[in-house]
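Here the working numbering = 1-based position in the sequence shown + 69.
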Amino acid sequence: MAGISAASGLTGNWLAATPNGDSSMQRTYFNLKQQGNRITGTVRWTLHFFSITESSGGPENFTITAAMPLSWGQRRVTYRGKLEGDELHLVKVSGFGPDSKLIAHRVLEGEGALPARIEPPPLHPARDNGLARTPPMGWNSWNKFANRIDDATVHGIADAMASNGMRDAGYVYVNIDDTWEGERDAQGNIHPNSKFPDMKALADYVHAKGLKLGIYSSPGPDTCEGYEGSYGHEEQDARTYAAWGIDYLKYDWCGAFTIYKDSEMQAVYQKMGDALLATGRPIVFSLCQYGVGNVWKWGADPGGNLWRTGGDISDSWDSISRIGFSQIQLAPYARPGHWNDPDMLEIGNGHMTDTEYRTHMSLWSMLAAPLIAGNDVRNMSPSILEILTNREVIAIDQDKAGHPARRVWQSGQQEVWSRELADGDTAVAVFNRAPADAKVTFRWADAGIRETPSHIRDLWRHAEQRGNGPEYSAEVPGHGVVLFRVR
Ligand code: GLA
Numbered sequence: 070m071a072g073i074s075a076a077s078g079l080t081g082n083w084l085a086a087t088p089n090g091d092s093s094m095q096r097t098y099f100n101l102k103q104q105g106n107r108i109t110g111t112v113r114w115t116l117h118f119f120s121i122t123e124s125s126g127g128p129e130n131f132t133i134t135a136a137m138p139l140s141w142g143q144r145r146v147t148y149r150g151k152l153e154g155d156e157l158h159l160v161k162v163s164g165f166g167p168d169s170k171l172i173a174h175r176v177l178e179g180e181g182a183l184p185a186r187i188e189p190p191p192l193h194p195a196r197d198n199g200l201a202r203t204p205p206m207g208w209n210s211w212n213k214f215a216n217r218i219d220d221a222t223v224h225g226i227a228d229a230m231a232s233n234g235m236r237d238a239g240y241v242y243v244n245i246d247d248t249w250e251g252e253r254d255a256q257g258n259i260h261p262n263s264k265f266p267d268m269k270a271l272a273d274y275v276h277a278k279g280l281k282l283g284i285y286s287s288p289g290p291d292t293c294e295g296y297e298g299s300y301g302h303e304e305q306d307a308r309t310y311a312a313w314g315i316d317y318l319k320y321d322w323c324g325a326f327t328i329y330k331d332s333e334m335q336a337v338y339q340k341m342g343d344a345l346l347a348t349g350r351p352i353v354f355s356l357c358q359y360g361v362g363n364v365w366k367w368g369a370d371p372g373g374n375l376w377r378t379g380g381d382i383s384d385s386w387d388s389i390s391r392i393g394f395s396q397i398q399l400a401p402y403a404r405p406g407h408w409n410d411p412d413m414l415e416i417g418n419g420h421m422t423d424t425e426y427r428t429h430m431s432l433w434s435m436l437a438a439p440l441i442a443g444n445d446v447r448n449m450s451p452s453i454l455e456i457l458t459n460r461e462v463i464a465i466d467q468d469k470a471g472h473p474a475r476r477v478w479q480s481g482q483q484e485v486w487s488r489e490l491a492d493g494d495t496a497v498a499v500f501n502r503a504p505a506d507a508k509v510t511f512r513w514a515d516a517g518i519r520e521t522p523s524h525i526r527d528l529w530r531h532a533e534q535r536g537n538g539p540e541y542s543a544e545v546p547g548h549g550v551v552l553f554r555v556r
């Protein structure tokens, strides 16, 4: 019979629970079997399920190393520990996750075991929820606030967006990322943790401001931050989100890798896509699985309105230029309702110059990428607000034809991109990836513009430029861009 083992020594199931500070817990389970000087078993820390591969010592002083195979390598963790009365005192010596001193207590055998695998559904033909006819625009908490996001901050962000011009420029989604999740009740219903006392009231507040509310989950048992995921509760969670008034779900693979193979992603995403559709509430479905398995080829089929094309962005020139300039070959997969997502904006987070942030905004707009601001919009400089709300640039991003740009010319670190717009105009971006200013001369014909243009509008200067024949020379600052709308 399952029960707390009375065995002496280390053998047994141990739980170390440490509070996250928001009524939720980080849990590490040590399921140990001691035979003489050998310790075997497993360690589960949220989404990580390790098997013990090496051990030494005994109850008074032991060391265990546990490993977890991943498609991209192996993760390992090492703990040192000792038994003190009824408690197991542990220190993480090395490995993945927070450095910590843990105190574990005996719990029932079976608690903390990886949940049984639920077969993903068979694939069915694509279904379209009809949303996101242009790339979604809004804000997300992660880049600036990470796990420090709470109800009061979201209220403040919504207030700011409704009054500072962002909402009117098109930024309507206010998206809460990871760490809002609390525990499930006896019926399995998910509740927010203490940082979000009333999700429905928050949604009502955001809606009253003319904005929409987004939320985050994972198809796995845990999210990336080790909070409760939707595994085995997909339909129930979708109904909960709909009842709260949620308008957007970012669904992050993370903890799903403990259960599913990469090749099962489409079916797993389809399960939530169907669950969202079944609620009858329009909910934008955002796939976040870092571009694995060429998601751009199938992301629309499970109902994805957008899909992340790579790993996490950071607030640096290296990150935004590496992501932005490498996405152009994915352009053909973007179309109304279904967009490549090179990740959320870092504009205004403080580690780049305004010139670099203008390049960030221009790249994303030429790519027809979602524009999800990631800074503290309650508190930003006028120049950052101006970059985010440049309506002439947003008009390129939001062009209803939804054809992303092509790279039409390149020489060293300078390149020209061209994007055909619905009204027959062409957006032309002249990028200078080099640190020093450069004069870039290109031929309009290279940008697909056959006749010398009659109108050349500089979208960052908001001024008409004079053409000078079949060639054009632009002075482009280092790491900068000149962005035109040409007729
Ligand atoms: C992953 C995602 C990020 C963010 C975090 C939250 O890293 O790619 O965008 O959602 O998880 O834990």
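Glycine residues also receive a C-beta, built at the ideal position from the N, C-alpha and C atoms. Predicted, not measured: the structure shown is a model, and the values here were computed from it.
Cα atoms of G298 and K102: separation of roughly 29 Å, rounded to the nearest angstrom. Taking C-beta separations shorter than 7 Å and ignoring five residues to either side along the sequence, the partners of A272 in its chain run L282, W313, G314 and I315, following chain order. DSSP, reduced to helix, strand and coil, places V275 within a helical segment of the structure shown.
Note: Q104 is bridge-paired with R107 in the DSSP secondary-structure output. Spanning the alpha carbons of F118 and D254 requires a straight line of approximately 24 Å. At the C-beta level, A498 and W486 come within 7 Å of one another. Between A221 and the set M268, Y242 and F500, the nearest pair of CA atoms involves M268. In this structure, DSSP gives E252 an extended state, which the three-state scheme calls strand. The three-state reading of DSSP puts P189 in coil, since its state is none of H, G, I, E or B. R447 places its beta carbon 7 Å or farther from that of G251. DSSP, reduced to helix, strand and coil, places A201 outside both helices and strands of the structure shown, so it counts as coil.
For secondary structure counted as the beta strand (DSSP E) over 3 or more consecutive residues, the stretch 346 to 405 holds these complete runs in sequence order: 353 to 357 and 375 to 377.
Between the alpha carbons of R149 and L159 lies a distance of about 6 Å. Here R427 is actually not in contact with I463; their C-beta atoms are around 13 Å apart, not less than 8 Å. Per the DSSP secondary-structure output, M206 pairs in a beta bridge with L440.
C-alpha of T327 to C-alpha of S523: approximately 58 Å in a straight line. Here D237 is actually not in contact with W211; their C-beta atoms are around 24 Å apart, not less than 8 Å. In this structure D515 touches V477 by the C-beta definition: roughly 5 Å separates them, less than 8 Å.
Here the C-alpha atom of T80 lies approximately 11 Å from the C-alpha atom of E178. Cβ atoms of P184 and G301 come within 8 Å of each other, at about 6 Å.
By the neighbour-count definition (other C-beta atoms within 10 Å, threshold 16), D155 is an exposed residue. Here the stretch 406 to 417 lies against the stretch 374 to 390, with 3 or more beta-carbon pairs under 8 Å apart. Nearest C-alpha to A403 among Y359, N262, R535 and V364: V364. Only exposed fits P88, as fewer than 16 other CB atoms lie within 10 angstroms of its CB. Bridge pairing for H407: R404 [DSSP].
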